[in-house]
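K.L.:
According to this note's numbering, the stretch in the sequence shown is residues 139 to 324, in order.
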Amino acid sequence: MHSGENSYKRYLEGDESAFTELLELYFDKLTLFINGYLGDVHASEDVAIDTMLELVIHKKRFAFKSSLKTYLFAIARHKALSHLRKHRRVIPVPPDELELSDRCSLEADALKTERLRRLHGAMGELPQEQQTAVHLVYIEGMSYKEAAGIMKLGTKRLDNLLSAAKRRLRAELAELDRGNGYEKKS
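Put into structure tokens, the structure is as follows:
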């Protein structure tokens with residue numbers, strides 16, 4: 139059993155400090171994931187809080203049949219989509235300059251190198267479904283089965299989304315490399 143599941147078991151047994159461990163383990167990751175849908179760091183933090191509160195309010199819902207991470211990301215996706223419907227936003231809008239600085243500080247740990255920052259920017263240009271697939275599989279390290287379950291897709295459809303995303307990202311990064319003087323030398 140992973141540390142998230144262990145911490146949650148301890149929390150259910152009355153160890154309140156274990157919930158702090160869960161927050162440290164999942165909150166920033168959930169916020170980044172949700173921000174891919176909402177494009178608003180502050181709203182994403184609110185939705186991430188709501189997601190984590192599900193563990194407090196509905197203690198018996200998680201049955202330890204999947205990973206806690208998968209469970210939380212499925213809840214986060216549902217809550218993000220509900221937030222979009224509630225606020226009548228169909229497509230996330232690009233963040234303005236103020237939100238970008240908030241986003242950069244939040245993502246600083248996850249995006250260490252210049253190339254990863256450029257890759258993340260290129261990911262923002264992908265269709266939402268491709269962004270979600272890439273985030274779950276490559277950033278969160280989930281299996282195809284876990285990611286497909288969260289996205290409510292078959293694994294073949296997930297594979298197709300990831301293939302299309304990789305093609306687009308390769309082309310986008312090649313374009314960025316040419317524009318920034320990083321062309322590969324043959």
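We put the beta carbon where it would ideally sit given N, CA and C, even for glycine.
How long is the line joining the alpha carbons of alanine 181 and threonine 208, rounded to whole angstroms?
P.N.:
21 Å
K.L.:
For the structure I just gave you, are there three or more beta carbon pairs, one from the region 261-269 and one from the region 294-314, closer than 8 Å?
P.N.:
yes
K.L.:
Could you give the first and the last residue of the continuous alpha helix (DSSP H) run that contains alanine 201?
P.N.:
First-last for alanine 201: undefined, no H or E at that position.
K.L.:
Starting from the Cα of tyrosine 164, find the closest Cα among Arg148, Thr293, Ile187 and give me that residue.
P.N.:
Ile187
K.L.:
Would you call asparagine 144 buried or exposed, if buried means 16 or more other Cβ atoms sit within 10 Å of its Cβ?
P.N.:
exposed
K.L.:
Which residues in the same chain have their Cβ closer than 7 Å to the Cβ of alanine 218, if we skip the five residues on either side of it in sequence?
P.N.:
Excluding residues within five positions, the ones whose Cβ falls inside 7 Å are Ile172, Tyr175, Leu176, Val185.
K.L.:
Would DSSP call aspartate 188 helix, strand or coil?
P.N.:
helix
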